[in-house]
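Working notes, beginning with the structure itself.
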Amino acid sequence: MGENNGDDLAHRVLSDIKAPSDLGLLRCVQCGLCTSVCPASRHSDYDARNIIKRVLDNDESIIEDEIIWNCFYCYTCYSVCPVGNSVCIVNQIIRQMAIEEDVGKRKIESFMSFADSYIEEGLGVIPKEYHGQLHIDYGKHWTNLQEQLQDVRKDLGLDDMYLLPEAKETVDKTLEAIGFKKRVKEVKKVRDRMDEVE
Amino acid sequence: MEKIDKFIPTENITLFRSCLVSAEYPGVEASTKYVFDKLGVEYVIDRNQSCCTGLGHYYDIFDELSTTALAARNFSYAIKNNHRQYVPMCATCYAILKTSAKILNEKDDVREEINKAFIENGLEDFQYTKGDIDPRDNITHVVDVLYYLKDKIPEHKKVDISGLKIATHHGCHYCKVHYDDTLCGYRNPEIIDKICEVMDAPALKWYDQKPRHCGGGFRQRYSNRELSLDATVDKFLSLHKEKIDVLLVMCPNCQLQFDRYEQVLEEKTGDKHYFAVLNIAQLVALYMGADPYKVLGIQTHTVNLEPILDKLNIDYDPEEDTLHVRN
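Line order of the protein sequences matches chains A and B. So for the first sequence, our numbering puts the first residue at 125; every next one is plus one. So for the second sequence, our numbering puts the first residue at 832; every next one is plus one.
This is the structure we're talking about:
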């Protein structure tokens, strides 16, 4: 590991927009409390403590490693860490590094209907790409709910769930201005290439 | 009551809408409004507000800069409307908004980049000034407000719910993301339990796996279904062992995991025991006499609530539910 030279993996993580200023990454003593409470560590080959070890060892191969995609983002590791480190946050940062490359874009392309909905409506949805399995798991009741949602909301005396037209417009402009739409296009390009190969 | 060292609002509130509440459990919103109205809480709902991005953020499709810019846009409406107290119904909205406010206050370069993008694109009104929103005092969860006003809840009692065996499940993104702001503990969370106590319906003091997540895990539920369900099973079996009637939650994501998947989890484990899944606002509304279909919106739950209504001797007309398939 580089001597605090600022460009090793740990320091790149610490300087990321997602890293809180008091993130205790460099204070990790590898006690393993994170692993002991982590759902991914309990049920898969993911090992929260090892994620941090590899980052501190400047092991760049972690960015392309499938295993980072198993974190649940539940922050339970953070809630027990004695030095204020968060494997969960570190993991989010590593995934964003992966998304800068094709390897990460391929992992998120199946969630792009959420982005499409957000761009169109300013509102997230359960990703349509997975609706097939969800209709099986949730049954006919859920299908009925999808069809009758607006009537149900009316019966509950609720206001329209969609944004006002002018609000949708400024959400759209914000997404363009901040570069989100460009990001979506880049992910979709990778998705289209994957489709071609198939 | 234990000392509360964050500000809990009862007025000037923007009830922050949640995409999952809106589309999956709209009765949570109706119940929150019902309970707030009874307790005299002053709030507005603003259709200029966009979704917090939370689910997309944690599917990793939203980058932090985009999420933060959208939060700045939302904050500007709350401030302009003189309702700058953001009170979300969802634990993830709560955590996302707090994180965004912290970034906007503390990371000057990010705030400047976002403001520059606003100015260059005719969105000057959305500019954020350092300190506009205090992440601790201006962003509180619905349960914080209910906890703060809990001693007033029994004044509105209409239904005896003391016969219910309740377990509580506290949202990870309420308890663990900004744990310094969490009331009543984050490693052994008890805020919902305290609200149950005033309704004479004490929750289980402890059950195995109590502080653990629901297993939803954002992308895991969809792209890693077995891993997600394996994690849910841990708590699911523990709840079966306790023979509870109701699992009380405070986040629509957890609600979805335990309610929509109950049948799947029973098949996976071969373990059967009926329990309903309710948001705390729905239970308080029920206790205050709210209509199960017109306020709680129980017809949108996968697991029928009618057995609970029977147990509490509450009258209802099952014909009001047009969503469940009857045999």
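Heads up, the beta-carbon is just placed ideally off N, CA and C, and yes, glycines get one too.
How many Å lie between residue i and residue j at the Cα?
{"i": "residue 196 (chain A)", "j": "residue 844 (chain B)", "result": "31 Å"}
{"i": "residue 958 (chain B)", "j": "residue 901 (chain B)", "result": "11 Å"}
{"i": "residue 232 (chain A)", "j": "residue 987 (chain B)", "result": "47 Å"}
{"i": "residue 956 (chain B)", "j": "residue 293 (chain A)", "result": "14 Å"}
{"i": "residue 300 (chain A)", "j": "residue 306 (chain A)", "result": "7 Å"}
{"i": "residue 912 (chain B)", "j": "residue 876 (chain B)", "result": "11 Å"}
{"i": "residue 1004 (chain B)", "j": "residue 885 (chain B)", "result": "10 Å"}
{"i": "residue 1012 (chain B)", "j": "residue 967 (chain B)", "result": "6 Å"}
{"i": "residue 315 (chain A)", "j": "residue 892 (chain B)", "result": "13 Å"}
{"i": "residue 894 (chain B)", "j": "residue 945 (chain B)", "result": "13 Å"}
{"i": "residue 184 (chain A)", "j": "residue 178 (chain A)", "result": "8 Å"}
{"i": "residue 114 (chain A)", "j": "residue 215 (chain A)", "result": "One cannot answer for residue 114 (chain A) here, as it falls past the ends of chain A, which runs 125 to 322."}
{"i": "residue 1099 (chain B)", "j": "residue 938 (chain B)", "result": "46 Å"}
{"i": "residue 125 (chain A)", "j": "residue 896 (chain B)", "result": "Confidence is the limiting factor: at residue 125 (chain A) the pLDDT is only 43, short of 50, which leaves the residue's position unreliable, though a coordinate-based value still follows. Using only the alpha carbons, I get a separation of about 29 Å."}
{"i": "residue 140 (chain A)", "j": "residue 1049 (chain B)", "result": "22 Å"}
{"i": "residue 1018 (chain B)", "j": "residue 1142 (chain B)", "result": "33 Å"}
{"i": "residue 127 (chain A)", "j": "residue 1002 (chain B)", "result": "With a pLDDT of 49 at residue 127 (chain A), under the threshold of 50, the modelled position of that residue is not reliable, and no figure is offered here."}
{"i": "residue 874 (chain B)", "j": "residue 1119 (chain B)", "result": "19 Å"}
{"i": "residue 272 (chain A)", "j": "residue 285 (chain A)", "result": "14 Å"}
{"i": "residue 186 (chain A)", "j": "residue 194 (chain A)", "result": "13 Å"}
{"i": "residue 204 (chain A)", "j": "residue 919 (chain B)", "result": "25 Å"}
{"i": "residue 906 (chain B)", "j": "residue 899 (chain B)", "result": "10 Å"}
{"i": "residue 1130 (chain B)", "j": "residue 1086 (chain B)", "result": "14 Å"}
{"i": "residue 218 (chain A)", "j": "residue 857 (chain B)", "result": "35 Å"}
Give the interface partners of residue i over in chain B, defined as CB-CB distance under 8 Å, in chain order.
{"i": "residue 301 (chain A)", "result": "900, 948, 949, 951, 952, 954"}
{"i": "residue 264 (chain A)", "result": "1156"}
{"i": "residue 176 (chain A)", "result": "Those within 8 Å of residue 176 (chain A) in chain B number zero; the least Cβ separation is about 17 Å."}
{"i": "residue 297 (chain A)", "result": "952, 953, 954"}
{"i": "residue 273 (chain A)", "result": "854, 857"}
{"i": "residue 283 (chain A)", "result": "876, 878"}
{"i": "residue 247 (chain A)", "result": "850, 853, 881, 882"}
{"i": "residue 276 (chain A)", "result": "857, 1128, 1130, 1131, 1154"}
If the cut is a Cβ gap below 8 Å, which residues of chain A does residue i touch?
{"i": "residue 1110 (chain B)", "result": "Ordered by position in chain A, no residue passes the 8 Å Cβ test against residue 1110 (chain B), which lies about 14 Å from the chain."}
{"i": "residue 973 (chain B)", "result": "Chain A residues near residue 973 (chain B): none, gap ~16 Å exceeds 8 Å."}
{"i": "residue 1077 (chain B)", "result": "In chain order: nothing, as chain A lies at least about 19 Å away."}
{"i": "residue 1133 (chain B)", "result": "262, 263, 265, 266"}
{"i": "residue 934 (chain B)", "result": "141"}
{"i": "residue 945 (chain B)", "result": "302"}
With DSSP collapsed to three states, give me the class of residue i.
{"i": "residue 845 (chain B)", "result": "strand"}
{"i": "residue 125 (chain A)", "result": "Because the pLDDT at residue 125 (chain A) is just 43, under 50, the model does not fix this residue reliably, and the point stays unresolved."}
{"i": "residue 1194 (chain B)", "result": "With chain B represented from 832 up to 1158, any question about residue 1194 (chain B) goes unanswered, as that position is not in the structure."}
{"i": "residue 997 (chain B)", "result": "strand"}
{"i": "residue 1107 (chain B)", "result": "strand"}
{"i": "residue 1140 (chain B)", "result": "helix"}
{"i": "residue 191 (chain A)", "result": "helix"}
{"i": "residue 1034 (chain B)", "result": "strand"}
{"i": "residue 958 (chain B)", "result": "coil"}
{"i": "residue 1092 (chain B)", "result": "coil"}
{"i": "residue 976 (chain B)", "result": "helix"}
{"i": "residue 163 (chain A)", "result": "helix"}
{"i": "residue 990 (chain B)", "result": "coil"}
{"i": "residue 970 (chain B)", "result": "strand"}
{"i": "residue 1156 (chain B)", "result": "coil"}
{"i": "residue 272 (chain A)", "result": "helix"}
{"i": "residue 919 (chain B)", "result": "strand"}
{"i": "residue 256 (chain A)", "result": "helix"}
Taking Cβ-Cβ distances shorter than 9 Å, what residues in chain A pair up with residue i?
{"i": "residue 896 (chain B)", "result": "141, 302, 303, 304"}
{"i": "residue 1003 (chain B)", "result": "196, 197, 198, 199, 200, 203"}
{"i": "residue 1116 (chain B)", "result": "What residue 1116 (chain B) touches in chain A: nothing, since even the nearest Cβ is about 11 Å away."}
{"i": "residue 1094 (chain B)", "result": "261, 262, 263"}
Could you list which residues in chain B have their beta carbon closer than 9 Å to that of residue i, in chain order?
{"i": "residue 185 (chain A)", "result": "None at all; the shortest Cβ gap to chain B is about 19 Å."}
{"i": "residue 309 (chain A)", "result": "By Cβ distance, chain B contributes nothing, its closest Cβ being about 12 Å from residue 309 (chain A), past 9 Å."}
{"i": "residue 154 (chain A)", "result": "None at all; the shortest Cβ gap to chain B is about 21 Å."}
From the DSSP secondary-structure annotation, give me the bridge partner or partners of residue i.
{"i": "residue 1079 (chain B)", "result": "B:999, B:1109"}
{"i": "residue 99 (chain A)", "result": "Residue 99 (chain A) cannot be examined here, being either before or after the span of chain A that is shown, 125 to 322."}
{"i": "residue 857 (chain B)", "result": "Note: residue 857 (chain B) sits in no beta bridge, so no partner."}
List, in order along the chain, the chain B residues whose C-beta lies closer than 7 Å to that of residue i?
{"i": "residue 268 (chain A)", "result": "1154"}
{"i": "residue 223 (chain A)", "result": "891"}
Residue i touches chain A at which residues, Cβ-Cβ below 7 Å?
{"i": "residue 1125 (chain B)", "result": "279, 280"}
Under 8 Å (Cβ pairs) to chain A, residues found in the region 1033 to 1054 of chain B: Answer set for the region 1033 to 1054 of chain B: 1042, 1043, 1044, 1046, 1047, 1048, 1049, 1050, 1051, 1053, 1054.
Under 8 Å (Cβ pairs) to chain A, residues found in the region 866 to 891 of chain B: Flagged, chain order: 876, 878, 879, 880, 881, 882, 884, 885, 886, 887, 889, 890, 891.
Interfacial residues, the region 1006 to 1019 of chain B to chain A, with Cβ spacing under 8 Å: Listed by position, the residues of the region 1006 to 1019 of chain B near chain A (Cβ gap below 8 Å) are 1006, 1007, 1008, 1010, 1017, 1018.
Selection of the region 917 to 931 of chain B by Cβ proximity to chain A, strictly under 7 Å: The region 917 to 931 of chain B vs chain A, Cβ under 7 Å: nothing.
Interface residues of the region 847 to 861 of chain B facing chain A [CB-CB below 7 Å]: Here the close residues are 850, 853, 854, 857, 858, 860, 861.
Contact residues within the region 1058 to 1074 of chain B, judged by C-beta distance below 7 Å to chain A: Those residues of the region 1058 to 1074 of chain B that come within reach of chain A (Cβ to Cβ, closer than 7 Å) are 1058, 1061, 1062.
Within 8 Å of chain B by C-beta, residues of the region 212 to 243 of chain A in sequence order: Those residues of the region 212 to 243 of chain A that come within reach of chain B (Cβ to Cβ, closer than 8 Å) are 216, 219, 220, 223, 228, 231, 232, 234, 235, 236, 238, 239, 242.
Members of the region 159 to 174 of chain A near chain B, C-beta cut-off 8 Å: Taking 8 Å as the Cβ-Cβ cut-off against chain B, the residues of the region 159 to 174 of chain A that qualify are 161, 163, 164, 166, 167, 168.
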